[in-house]
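Numbering of the sequence shown is given in the UniProt record's numbering, commencing with residue 1 and proceeding in unit increments. For reference, the structure is listed below as structure tokens.
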Amino acid sequence: MDLELAHGAGAPRKGESWGAVLLLAYQSLGVVYGDVATSPLYVFKSAFAGDDITHTAGNEEIYGVLSFVFWTLTLISLLKYVLIVLRANDGGEGGTFALYSLICRHVRAGLLPGGGNSEDLMADDKDAAGRRGDRSRARTVLERYRVLQRLLLLFALLGTCMLIGDGVLTPALSVSSAVSGLELSMEKAQHKYVGLPVTCAILICLFALQHYGTHRVGFIFAPIVCIWLLCISMIGLYNIIHWNHHVYRALSPYYMYQFLKKTQKGGWLSLGGILLCVTGSEAMYADLGHFSQRSIQIAFISVVYPALVLAYMGQAAYISQHHSFENSYHIGFYVSVPEKLRWPVLVIAILASVVGSQAIITGTFSIIKQCSALSCFPGVKIVHTSSTVHGQIYIPEINWILMILCLAVTIGFNNTKHLANAQGLAVITVMLVTTCLMSLVIVLVWNKSIFIALGFLIFFGSIEVMYFSASLGKFHEGAWVPITLSFIFMVVMSVWHYGTIKKYEFDVQNKVSVNWLLNLGPSLGIVRVRGIGLIHTELMSGIPAIFSHFVTNLPAFHQVLVFLCVKSVPVPHVEPEERFLVGRIGPKEYRLYRVIVRYGYRDVQQDDLEFEKELINSIAEFIRSGGADQNGFVEGSEKLSSISSGAIPLWEEGGDGEVDGPASPNKEINQQTVAPQRKKARFVLPKSAQVDAEVRSELQDLMDAREAGMSFILGHSHMKAKSGSSFVKRIVINFFYEFLRRNSRGPSYAANIPHASTLEVGMVYQV
């Protein structure tokens with residue numbers, strides 16, 4: 001069962017035609033593989049940059065580099081990612097945070113406030129019954145020690161921050177490497193003044209066009225990458241045949257040993273450039289949600305992998321027969337391109353580098369959205385640029401930050417050597433994090449032996465640690481950049497996460513008991529006016545302190561009260577029939593309800609009108625069914641039931657007679673409006689529905705309240721560290737967190753609330 005759950009989303013769907021799979025495989029070339037496909041532009045150039053290794057007449061260096069490139073590409077990209085890691089998807093989604101949320105779904109290791117542990121919201125009894133053996137022991141240890149849970153979250157955040165850093169460095173390196181082909185076609189003095197401005201201009205255009213969305217130019221992406229892969233494979237094949245058809249012998253692992261034996265420390269440091277051959281592999285996994293597992297596998301195994309191997313072999317074949325380069329920095333892709341083809345290849349290379357950069361930028365947007373949804377990043381504006389492809393989003397603030405950072409490192413370094421060193425460390429760090437998280441998935445999610453997980457960790461981890469150590473050796477030559485960037489993003493994420501947890505803990509500790517509310521009587525000790533009052537709260541039980549604060553100062557409230565809790569849970573998508581959990585607070589005459597609305601980290605939240613209708617529908621269905629849902633669960637003393645919002649359609653008619661709702665001639669509960677501009681509301685009940693007088697009266701009250709209007713009560717809190725707190729806590733809460741809160745957007749649902757119907761209640765949280 002566990003393997004079915006883990007692999008089901010990525011396995012070929014039943015009834016899926018080969019034509020559909022092949023079409024997805026073709027489309028994936030333009031979205032997923034742009035980054036890894038352009039790596040031949042800079043791998044050999046980065047490996048031979050500097051004084052680490054030199055190209056000698058014996059060719060041991062070039063053969064050793066080729067052997068390392070081939071086996072790294074085979075073991076990491078093909079074996080690890082394509083054949084193993086792609087199977088570990090979270091509801092079809094991939095990436096570092098998807099692995100973390102997948103672990104949290106099977107282990108009570110979530111630290112996300114209120115709803116971070118999805119088992120609290122979506123109990124998995126079948127999973128609980130399957131605890132046994134190694135999985136049970138590992139699970140018990142992880143659940144028992146809070147420090148391990150914090151380390152797990154920090155580890156996931158580290159990988160996420162490094163991937164964001166990759167989003168800064170990949171466009172800079174890819175475009176710079178593509179434009180570097182100009183140096184072979186013009187004088188050195190001219191290239192000095194042309195290369196950098198051209199690179200910056202392309203990068204500015206790339207980021208400036210992001211708001212249009214990839215779907216508007218997506219139809220040209222796949223052909224560009226296909227032409228590029230065909231181009232480099234044909235050039236590689238030509239060089240193999242024309243210059244050195246015995247280069248295939250360098251694929252033997254023996255040449256790796258000979259390479260390290262001869263070059264020693266210099267060869268070890270050059271591994272930081274060689275590892276760039278697998279850049280884009282993590283992006284391939286992160287973009288899993290756009291395509292199926294099989295389509296990505298088919299595209300890589302049948303097209304991308306053979307083309308890359310031919311390209312690298314062709315470069316090595318040409319270089320092995322040429323030893324009179326001006327300097328080792330010229331050893332690279334363009335020297336192996338026939339002179340007559342350099343200009344067309346240069347144009348194709350620039351276009352392909354733009355496509356590769358586009359993929360990692362879009363992936364960065366998706367990662368930021370996931371982190372923000374799970375309370376690990378300040379709120380940002382998220383624009384969905386495609387109505388059909390959900391993953392295509394645009395985040396203006398992040399886009400301009402990436403552009404500024406990308407231009408800064410491009411201008412600051414002004415050469416691909418330091419950019420390559422920086423990107424290498426970012427790439428290998430993310431891969432190490434994925435390897436460690438994947439080993440946990442093997443035990444905790446797939447329910448395999450701990451020895452299999454250790455074997456996976458030791459085999460791939462040892463390879464990646466070797467490359468990681470080589471990248472750290474380049475710390476003073478550019479590798480400090482991803483460390484600095486990840487540190488900054490890590491501080492932002494950690495402070496925001498810490499502040500969010502403290503805010504939630506304050507809400508829990510200061511909530512008002514339901515008994516206090518019930519003791520006030522049906523009128524709640526205040527004046528009840530017509531309408532629906534929606535009180536937004538992070539609590540899933542109890543009464544938030546903001547409500548008692550409000551009624552204490554203004555003793556009047558609406559006839560229908562709804563305590564609304566919007567939760568992001570660590571799953572990609574929540575089915576519409578499972579989105580609303582509805583419960584009743586106190587006796588029926590109080591007209592108090594609690595509604596929990598759950599969204600996955602990849603879900604799109606509805607606009608205000610659609611959301612209001614679904615909310616009212618779910619409450620109406622809860623009333624009609626009497627709240628007796630055997631699938632509901634008890635939160636404190638309240639029974640919450642999973643309600644499908646479309647069970648009782650809601651008709652709404654404005655003052656101009658325009659009807660908004662289904663045209664179904666079923667039973668109706670109708671209410672004529674008094675004010676001509678107010679909406680008339682009616683619920684369309686199923687013909688077979690048996691509605692008693694008490695239920696009809698409650699539905700009537702709900703319609704009356706709906707027609708009178710809906711008000712939204714939001715808390716506007718300020719955080720302050722309580723007296724006696726440590727100096728560090730005061731700095732973090734009073735300055736850093738408050739600065740982030742003031743300069744970030746509110747909850748995503750708040751952006752869809754009409755301002756004319758919103759009331760904010762201010763409170764100071766002493767945490």
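Ideal placement from N, C-alpha and C gives every residue a C-beta, glycine not left out.
What is the C-beta distance between residue i and residue j, in whole angstroms, given that I count them as a contact (C-beta under 8 Å)?
{"i": "residue 60", "j": "residue 262", "result": "5 Å"}
{"i": "residue 593", "j": "residue 619", "result": "6 Å"}
{"i": "residue 713", "j": "residue 459", "result": "Contact flag wrong, Cβ pair sits at about 56 Å."}
{"i": "residue 774", "j": "residue 41", "result": "Any property of residue 774 remains undetermined from this structure, which presents the chain solely from 1 to 767."}
{"i": "residue 768", "j": "residue 430", "result": "For residue 768 there is no data in the structure shown, the boundaries of the chain being 1 and 767."}
{"i": "residue 175", "j": "residue 409", "result": "With 8 Å as the limit, residue 175 and residue 409 do not qualify as a contact, their Cβ atoms being about 12 Å apart."}
Return the CA-CA distance between residue i and residue j, expressed in angstroms with no decimal places.
{"i": "residue 371", "j": "residue 308", "result": "33 Å"}
{"i": "residue 479", "j": "residue 407", "result": "17 Å"}
{"i": "residue 385", "j": "residue 19", "result": "27 Å"}
{"i": "residue 143", "j": "residue 598", "result": "24 Å"}
{"i": "residue 604", "j": "residue 380", "result": "14 Å"}
{"i": "residue 351", "j": "residue 345", "result": "10 Å"}
{"i": "residue 358", "j": "residue 31", "result": "8 Å"}
{"i": "residue 248", "j": "residue 71", "result": "13 Å"}
{"i": "residue 306", "j": "residue 81", "result": "16 Å"}
{"i": "residue 697", "j": "residue 149", "result": "49 Å"}
{"i": "residue 312", "j": "residue 233", "result": "9 Å"}
{"i": "residue 546", "j": "residue 725", "result": "24 Å"}
{"i": "residue 128", "j": "residue 104", "result": "Low confidence applies to residue 128: its pLDDT is 41, below 50, so where it sits in the model is not reliable enough to give any reading."}
{"i": "residue 456", "j": "residue 159", "result": "18 Å"}
{"i": "residue 543", "j": "residue 643", "result": "22 Å"}
{"i": "residue 139", "j": "residue 208", "result": "47 Å"}
{"i": "residue 396", "j": "residue 368", "result": "12 Å"}
{"i": "residue 511", "j": "residue 717", "result": "15 Å"}
{"i": "residue 116", "j": "residue 99", "result": "Below a pLDDT of 50, predicted positions are generally treated as unreliable, and residue 116, at 41, falls in that range; the measurement from the model is reported next regardless. Each residue's Cα considered, the two are about 14 Å apart."}
{"i": "residue 226", "j": "residue 166", "result": "24 Å"}
{"i": "residue 221", "j": "residue 383", "result": "21 Å"}
{"i": "residue 243", "j": "residue 414", "result": "33 Å"}
{"i": "residue 342", "j": "residue 75", "result": "32 Å"}
{"i": "residue 84", "j": "residue 65", "result": "26 Å"}
{"i": "residue 433", "j": "residue 464", "result": "10 Å"}
Taking the alpha carbon of residue i as the point to measure from, which residue in the options has its own alpha carbon closest?
{"i": "residue 609", "options": "354, 621 and 706", "result": "706"}
{"i": "residue 35", "options": "161, 626 and 361", "result": "361"}
{"i": "residue 170", "options": "267, 419 and 243", "result": "419"}
{"i": "residue 757", "options": "425, 697 and 534", "result": "534"}
{"i": "residue 193", "options": "204, 180 and 203", "result": "180"}
{"i": "residue 22", "options": "87, 275, 301 and 244", "result": "301"}
{"i": "residue 541", "options": "44, 226 and 586", "result": "586"}
{"i": "residue 299", "options": "494, 223, 33 and 712", "result": "33"}
{"i": "residue 738", "options": "257, 510, 575 and 499", "result": "499"}
{"i": "residue 501", "options": "91, 719 and 337", "result": "719"}
{"i": "residue 92", "options": "48, 137, 147 and 293", "result": "293"}
{"i": "residue 353", "options": "700, 88, 29 and 173", "result": "173"}
{"i": "residue 28", "options": "333, 742, 79 and 285", "result": "285"}
{"i": "residue 466", "options": "626, 404, 320 and 268", "result": "268"}
{"i": "residue 106", "options": "334, 446 and 509", "result": "446"}
{"i": "residue 417", "options": "260, 449, 468 and 332", "result": "332"}
{"i": "residue 275", "options": "566, 560, 471 and 531", "result": "471"}
{"i": "residue 315", "options": "278, 238 and 516", "result": "238"}
{"i": "residue 565", "options": "571, 529, 530 and 504", "result": "504"}
{"i": "residue 767", "options": "733, 741 and 141", "result": "733"}
Under a Cβ-count criterion, where at least 16 other Cβ atoms within 10 Å of its own Cβ denotes burial, should residue i be classed as buried or exposed?
{"i": "residue 157", "result": "buried"}
{"i": "residue 462", "result": "exposed"}
{"i": "residue 552", "result": "exposed"}
{"i": "residue 694", "result": "exposed"}
{"i": "residue 762", "result": "exposed"}
{"i": "residue 577", "result": "exposed"}
{"i": "residue 624", "result": "buried"}
{"i": "residue 536", "result": "buried"}
{"i": "residue 562", "result": "buried"}
{"i": "residue 849", "result": "Any answer about residue 849 is impossible in this case: the structure gives the chain only from 1 up to 767."}
{"i": "residue 205", "result": "exposed"}
{"i": "residue 595", "result": "buried"}
*Whole beta strand (DSSP E) elements within the region 557 to 602, 3-residue minimum*: 580 to 584 and 592 to 600
*Scan the region 689 to 762 and note each continuous beta strand (DSSP E) run of 3 residues or more that stays entirely inside, going in chain order.*
710 to 720
_Every unbroken alpha helix (DSSP H) within the region 32 to 79, with a cutoff of 4 residues, ordered by chain_ = 34 to 37, 43 to 47 and 60 to 72
*For the region 304 to 365, list the alpha helix (DSSP H) runs that are entirely contained and at least 4 residues long, ordered along the chain.*
305 to 320
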